[in-house]
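J.:
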Amino acid sequence: MSADVVKAKRKTDIGPPNYTKFLPPIIKENYGKWKYHEVPQPGVLVHTSHSGAKLYSVRAATPRLLSIETLRLFASIADEFTGGFLRFTSRNNVEFLATDEGKVAPLIARLKKEGYPVGGIGPSITNIVHTQGWVHCHSAASDASGVVKALMDELYPRFENMDLPGKTRIAFACCLNMCGAVHCSDIAVLAVHRKPPKINHATLGKTCEIPSTVAACPTGAIRPATVDGKQSVEVIEEQCMFCGNCFTVCPSMTMADPENDGISIWVGGKVSNARHEPMFSKLAIPYLPNNPPRWPEVTAAVKNIVDVYAKNARKFERIGEWIERIGWPKFFKLTGIEFTKYHLDDFTHAGESFKRSAQLRHSSEG
Amino acid sequence: MTDKKYPTPLLDDLEKGPWPSFVKEIKKSAKSPMVQDLLGLLERSYEEKIGHWKHGGLVGVQGYGGGVIGRYSDLPAEFPDVSEFHTIRVNQPSGWFYTSDALRTLCDIWDRHGSGLTNMHGSTGDIVFLGTKTTELEPIFSELTAAGFDLGGSGSDMRTPSCCNGMARCEWACYDTMAFCNDVTQTYQDELHRPAFPYKFKIKASGCPNDCVASIARSDMSVIGTWRDDIQIDPAAVKEYALAGKLDIGKDVAGRCPTKVIDWDGTTLAIDNSNCVKCMHCINVMPKALSPGKDRGATILIGAKAPIVQGALLASVLVPFIKLEQPYEDVKELIAAMWDLWAEHGKNRERIGEFIQRIGLGNFLEQIGLDPAPEMVIQPRTNPYIFYNL
Numbered sequence: 001m002s003a004d005v006v007k008a009k010r011k012t013d014i015g016p017p018n019y020t021k022f023l024p025p026i027i028k029e030n031y032g033k034w035k036y037h038e039v040p041q042p043g044v045l046v047h048t049s050h051s052g053a054k055l056y057s058v059r060a061a062t063p064r065l066l067s068i069e070t071l072r073l074f075a076s077i078a079d080e081f082t083g084g085f086l087r088f089t090s091r092n093n094v095e096f097l098a099t100d101e102g103k104v105a106p107l108i109a110r111l112k113k114e115g116y117p118v119g120g121i122g123p124s125i126t127n128i129v130h131t132q133g134w135v136h137c138h139s140a141a142s143d144a145s146g147v148v149k150a151l152m153d154e155l156y157p158r159f160e161n162m163d164l165p166g167k168t169r170i171a172f173a174c175c176l177n178m179c180g181a182v183h184c185s186d187i188a189v190l191a192v193h194r195k196p197p198k199i200n201h202a203t204l205g206k207t208c209e210i211p212s213t214v215a216a217c218p219t220g221a222i223r224p225a226t227v228d229g230k231q232s233v234e235v236i237e238e239q240c241m242f243c244g245n246c247f248t249v250c251p252s253m254t255m256a257d258p259e260n261d262g263i264s265i266w267v268g269g270k271v272s273n274a275r276h277e278p279m280f281s282k283l284a285i286p287y288l289p290n291n292p293p294r295w296p297e298v299t300a301a302v303k304n305i306v307d308v309y310a311k312n313a314r315k316f317e318r319i320g321e322w323i324e325r326i327g328w329p330k331f332f333k334l335t336g337i338e339f340t341k342y343h344l345d346d347f348t349h350a351g352e353s354f355k356r357s358a359q360l361r362h363s364s365e366g
Numbered sequence: 001m002t003d004k005k006y007p008t009p010l011l012d013d014l015e016k017g018p019w020p021s022f023v024k025e026i027k028k029s030a031k032s033p034m035v036q037d038l039l040g041l042l043e044r045s046y047e048e049k050i051g052h053w054k055h056g057g058l059v060g061v062q063g064y065g066g067g068v069i070g071r072y073s074d075l076p077a078e079f080p081d082v083s084e085f086h087t088i089r090v091n092q093p094s095g096w097f098y099t100s101d102a103l104r105t106l107c108d109i110w111d112r113h114g115s116g117l118t119n120m121h122g123s124t125g126d127i128v129f130l131g132t133k134t135t136e137l138e139p140i141f142s143e144l145t146a147a148g149f150d151l152g153g154s155g156s157d158m159r160t161p162s163c164c165n166g167m168a169r170c171e172w173a174c175y176d177t178m179a180f181c182n183d184v185t186q187t188y189q190d191e192l193h194r195p196a197f198p199y200k201f202k203i204k205a206s207g208c209p210n211d212c213v214a215s216i217a218r219s220d221m222s223v224i225g226t227w228r229d230d231i232q233i234d235p236a237a238v239k240e241y242a243l244a245g246k247l248d249i250g251k252d253v254a255g256r257c258p259t260k261v262i263d264w265d266g267t268t269l270a271i272d273n274s275n276c277v278k279c280m281h282c283i284n285v286m287p288k289a290l291s292p293g294k295d296r297g298a299t300i301l302i303g304a305k306a307p308i309v310q311g312a313l314l315a316s317v318l319v320p321f322i323k324l325e326q327p328y329e330d331v332k333e334l335i336a337a338m339w340d341l342w343a344e345h346g347k348n349r350e351r352i353g354e355f356i357q358r359i360g361l362g363n364f365l366e367q368i369g370l371d372p373a374p375e376m377v378i379q380p381r382t383n384p385y386i387f388y389n390l
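And the structure:
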């Protein structure tokens, strides 16, 4: 085949397949006509339409990183139980869409047998939105999949049950780029650096655009400089807070540091508008070490926050709403987390987070 | 096949425990030499607590400027089969619905040309094919398009839009999120495939203020369904909830209302809809009894982003209420006006949220032809540093 023929046949700009091709008949028939839904048991949703039709959705956990062998397994499970129809959720769970109630129990049993347990609906801990980590990313300060696996093994009963006061969303990001949902989650696990970039002056002039490298720094810590006769940059180390954005635009400024990279924990974010407006996550723990393969310090810290929240929050209260009710001093007291100078914001408009009133709790108990 | 299996004692530990294991997933694809080397490289990262991927990598397919994330290992001599390990973003169908046949088609293509590993899905929504060589990119692309799939976005372009499952399976969807998502994806194919912006731009569509795709936090343009008439109440169903006793309507519903507009006297529930902010709480906890009003549309919010560079932003109100009906002409006019302005005046790597903060929301509105409205602010300004345009 000549190059011209190949070029003529080239298809571009077709976009994704139209979603209507993939909807089961019950959804096509009842599209926009659903009346209400119920959660008869953990991991199962039943939607009832105005016509009386019922759709059973069974939600199973996935590790997000999936082999095609598993996708083929999901396809054959869908063929066997749900007429070949399935979907994935915005938190990377998989859902099988059944019309026959009798298929629900055997479907759950099959998924469990294959190692993909059912749950993650209602006031539970569902899948952790996470990133690439050491599996694929160049700027990761920790691994994503490993931390998530370690956390969900530890929190597993919270996935299978619905015994928390409110929904509890956990997210993980492997650097300050915060891909995913870390800045707006009930509990956010964020990998951090704690040392300035190592500059390779020999290569920087060739591999980086110096003005955009300078512009990439949120604190103005980077200046153009001539080093050993070569065009490069210098970093004012007292002004660097190790965000790594200079590395994103300039490969000659490496951040990764096995001894000093690690994990920070954030709490109290949400995106839904229910009751309280959406909120950012706030810093709870500035640093815990990277300790593969199980990250025991991180899993213990997250489990502690979840347990204290579960014990103290009121019905429907998200972690952020609970903390707002009891106040931050009590949050630190109840969780036993140390409050440090790192918790005090010192970036632009930092003063907005300072307490500017005398409304404080002084009681000695609790 | 050469035997290149490396011992992976650290990763092996992550095969234990009840949560599905990503290590098991990787090992399921370990017939591929590329995946064996990935295991070896990842084990090395676990030993050394450091990543082993080189910075960046510019690869792609002809005619497009985005869609493929190039990646090269920094230990090519030791792990030659992951010396190239590129990711391909494939645009997912709206709402992430699939048939088993569609999934198998994708698996077969990836089986022929890549590692066999995927992410279902990337955070923006794409199907992620994880790991292949540069020479395989064009063959994959031609097989994908033959099967009706196209690449998603990457770089300084419109990224792949995504949406909640909306009317397909939710009684609260205030507009057809899946149709809207598909429509904007198709309309802006050029902007998606050929980066022409100062930086990335994401669109996410949620059918109601529960915001199940987190659009307010994760998209430059967030379209959140809402309504402007009265919440529909089924008094008989309210009574059922009261009698069932699982819900204390006074405390759990009325007491939790952010604007305290719900009146419950023990038998009748009344709502002062003029002061309801459509937060969804009462509807969420009594789905059989309460539902959104009939005059439905969406709120458009603008400017969400992660912290880099000037700090994280949630999207803020741009259009308090808009009807969302095909072919979405009003929304497209708005998008065109915003893109024209930002593409012209946005700085290199400046998200639209940071652009608005730099030039001022008032100036931004003026330039795109919208009037200021009190719904756009938590409160009016407190400082007197006002630029009067006399």
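Which chain is which? The protein sequence lines are A and B, in order. No gaps in the numbering here: position 209 of the first sequence is 209 in our numbering, and each next residue is one more. No gaps in the numbering here: position 281 of the second sequence is 281 in our numbering, and each next residue is one more. Heads up, the beta-carbon is just placed ideally off N, CA and C, and yes, glycines get one too. No experiment lies behind these values; they were computed from the predicted model shown.
Please determine if the stretch 153-163 of chain A and the stretch 203-210 of chain A are in contact, where contact requires at least 3 C-beta pairs separated by less than 8 Å.
T.: No contact exists between the stretch 153-163 of chain A and the stretch 203-210 of chain A.
J.: Counting only Cβ pairs nearer than 7 Å, list the residues of chain A close to valine 213(B).
T.: Sequence index remark: in the second sequence, residue 213(B) carries index 213 (1-based). Going along chain A in sequence order, the residues near valine 213(B) (Cβ under 7 Å) are Ser90.
J.: For aspartate 453(B) and glycine 152(B), I'd like the C-alpha separation in whole angstroms.
T.: Since the first residue shown for chain B is 1 and the last is 390, residue 453(B) is missing from the structure and cannot be characterised.
J.: Can you check which of these residues, Gly245(B), Ala312(B), Thr259(B), is closest to methionine 286(B) by C-alpha distance?
T.: In the second sequence, counting from the first residue as 1, residue 286(B) sits at position 286. The shortest C-alpha separation from methionine 286(B) is found at Gly245(B).
J.: For a test of the three-state rule: what should DSSP assign to valine 213(B), helix, strand or coil?
T.: Residue mapping note: residue 213(B) aligns to position 213 of the second sequence, counting from 1. Coil.
J.: For isoleucine 68(A), decide whether its Cβ has a neighbour in chain B, counting only Cβ atoms nearer than 8 Å.
T.: Working through the first sequence from its first residue, we reach residue 68(A) at position 68. For isoleucine 68(A), the answer is yes, since a Cβ of chain B falls inside 8 Å of its Cβ.
J.: Just to confirm the assignment, what range does the beta strand (DSSP E) spanning asparagine 119(B) have?
T.: What you label residue 119(B) is simply residue 119 of the second sequence in a count that begins at 1. That run of the beta strand (DSSP E) goes 117-120.
J.: Please report how far the alpha carbon of serine 162(B) lies from the alpha carbon of methionine 221(B), in whole angstroms.
T.: Position 162 of the second sequence holds residue 162(B). Position 221 of the second sequence holds residue 221(B). Whole-angstrom Cα-Cα distance: 11 Å.
J.: Would you kindly report the start and end of the unbroken alpha helix (DSSP H) that includes tyrosine 36(A)?
T.: As a working note, residue 36(A) is residue 36 in the first sequence. It is not in any alpha helix (DSSP H) - tyrosine 36(A) instead sits in the beta strand (DSSP E) that spans 34-41.
J.: Just to confirm, is the Cβ distance from arginine 10(A) to arginine 256(B) under 8 Å?
T.: On the first sequence, position 10 is the one that residue 10(A) refers to. On the second sequence, position 256 is the one that residue 256(B) refers to. No, the pair does not count as a contact, with Cβ atoms beyond the cut-off.
J.: Can you find a CB in chain B that lies within less than 8 Å of the CB of methionine 152(A)?
T.: Numbered from 1 along the first sequence, position 152 holds the residue referred to as residue 152(A). With 8 Å as the cut-off, methionine 152(A) counts as an interface residue toward chain B.
J.: Which runs of the beta strand (DSSP E) at least 3 residues long sit entirely within the stretch 122-158 of chain B? Give them in chain order.
T.: Listed in chain order, they are 127-130.
J.: Helix, strand or coil: how does DSSP classify lysine 341(A) here?
T.: To locate residue 341(A), count along the first sequence from 1; it is residue 341. Helix, per DSSP.
J.: List the DSSP bridge partners of alanine 173(A).
T.: For the purposes of this step, residue 173(A) is taken as residue 173 along the first sequence, with counting starting at 1. DSSP, once it has assigned bridges, lists Leu190(A) as partnering alanine 173(A).
J.: Is it true that the stretch 204-211 of chain B meets the stretch 272-291 of chain B, where meeting means three or more beta-carbon pairs spaced less than 8 Å apart?
T.: Judged by Cβ distances under 8 Å, the stretch 204-211 of chain B makes contact with the stretch 272-291 of chain B, as three or more pairs qualify.
J.: Compare the beta carbon distance of proline 198(B) and asparagine 348(B) with 8 Å and say whether it is the shorter of the two.
T.: As a working mapping, residue 198(B) is identified with position 198 in the second sequence. As a working mapping, residue 348(B) is identified with position 348 in the second sequence. Contact flag set, yes.
J.: With a floor of 3 residues, list each beta strand (DSSP E) that falls wholly inside the stretch 298-345 of chain B, ordered by position along the chain.
T.: Within the stretch 298-345 of chain B, the complete beta strand (DSSP E) runs of at least 3 residues are 316-322.
J.: At which residues does the beta strand (DSSP E) containing arginine 10(A) begin and terminate?
T.: Taking the first sequence and counting its residues from 1, the one referred to as residue 10(A) is at position 10. Element bounds for arginine 10(A): n/a, residue is neither H nor E.
J.: Could one say the Cβ of lysine 303(A) lies closer than 8 Å to chain B's Cβ atoms, at least one of them?
T.: Counted from its first residue, the first sequence places residue 303(A) at position 303. Answer no: the Cβ-Cβ gap between lysine 303(A) and chain B never drops below 8 Å.
J.: For a contact defined as C-beta to C-beta under 8 Å, what are the partners of proline 87(A) on chain B?
T.: Working through the first sequence from its first residue, we reach residue 87(A) at position 87. The sequence given here has arginine at residue 87(A), not proline. Here the neighbours are Gly95, Trp96, Phe97, Tyr98, Asn165.
J.: Counting only C-beta atoms, is methionine 1(B) closer than 8 Å to chain A at any point?
T.: What you label residue 1(B) is simply residue 1 of the second sequence in a count that begins at 1. Note that methionine 1(B) scores 43 on pLDDT, short of 50, meaning its location in the model is unreliable; the coordinates nonetheless yield the value given after this. So, not an interface residue.
J.: Beta carbon of leucine 71(A), beta carbon of alanine 78(A): below 8 Å?
T.: Translated into positions along the first sequence, residue 71(A) becomes position 71. Translated into positions along the first sequence, residue 78(A) becomes position 78. No, Cβ-Cβ distance for leucine 71(A) and alanine 78(A) is not below 8 Å.
J.: Can you tell me the Cα-Cα spacing of arginine 64(A) and valine 104(A), whole angstroms?
T.: Within the first sequence, numbered from 1, the residue matching residue 64(A) stands at position 64. Within the first sequence, numbered from 1, the residue matching residue 104(A) stands at position 104. Cα to Cα, the separation comes out at about 23 Å.
J.: Helix, strand or coil for glycine 262(A), going by three-state DSSP, please let me know.
T.: What you label residue 262(A) is simply residue 262 of the first sequence in a count that begins at 1. Here glycine 262(A) sits in strand by DSSP.
J.: Is tryptophan 295(A) helix, strand or coil by DSSP?
T.: As a working mapping, residue 295(A) is identified with position 295 in the first sequence. Three-state result, tryptophan 295(A): coil.
J.: Examine chain A for any beta-carbon lying closer than 8 Å to the beta-carbon of isoleucine 50(B), and answer yes or no.
T.: As a working note, residue 50(B) is residue 50 in the second sequence. So yes, isoleucine 50(B) belongs to the interface.
J.: Along chain A, which residues have their Cβ under 7 Å away from the Cβ of glycine 311(B)?
T.: By one-based count along the second sequence, residue 311(B) stands at place 311. The contacting residues are Phe347, Thr348.
J.: According to DSSP, simplified to helix, strand and coil, what is isoleucine 125(A)?
T.: The count along the first sequence starts at 1 and reaches residue 125(A) at position 125. Three-state DSSP puts isoleucine 125(A) in a strand.
J.: Going along chain A, which residues have a C-beta under 9 Å from glycine 250(B)?
T.: Sequence index remark: in the second sequence, residue 250(B) carries index 250 (1-based). Those within 9 Å of glycine 250(B) in chain A number zero; the least Cβ separation is about 13 Å.
J.: Using a C-beta to C-beta distance shorter than 9 Å, which residues of chain B count as neighbours of glycine 243(A)?
T.: As a first step, residue 243(A) is located in the first sequence; it is residue number 243 there, counting from the start. Note on identity: in this sequence residue 243(A) is cysteine, with glycine being the wrong assignment. Those are Pro307, Ile308, Val309, listed as they occur along chain B.
J.: List in chain order: all unbroken alpha helix (DSSP H) runs of 4+ residues lying wholly within the stretch 230-288 of chain A.
T.: Taking only runs of at least 4 residues, the alpha helix (DSSP H) segments lying wholly in the stretch 230-288 of chain A are 245-249.
J.: With DSSP collapsed to three states, give me the class of valine 46(A).
T.: Walking along the first sequence from the start, residue 46(A) turns up at place 46. Strand at valine 46(A).
J.: On the criterion of 16 or more Cβ atoms from any shown chain inside 10 Å, does proline 17(A) qualify as buried, or is it exposed?
T.: Here the question's residue 17(A) lines up with position 17 in the first sequence. So proline 17(A) counts as buried.
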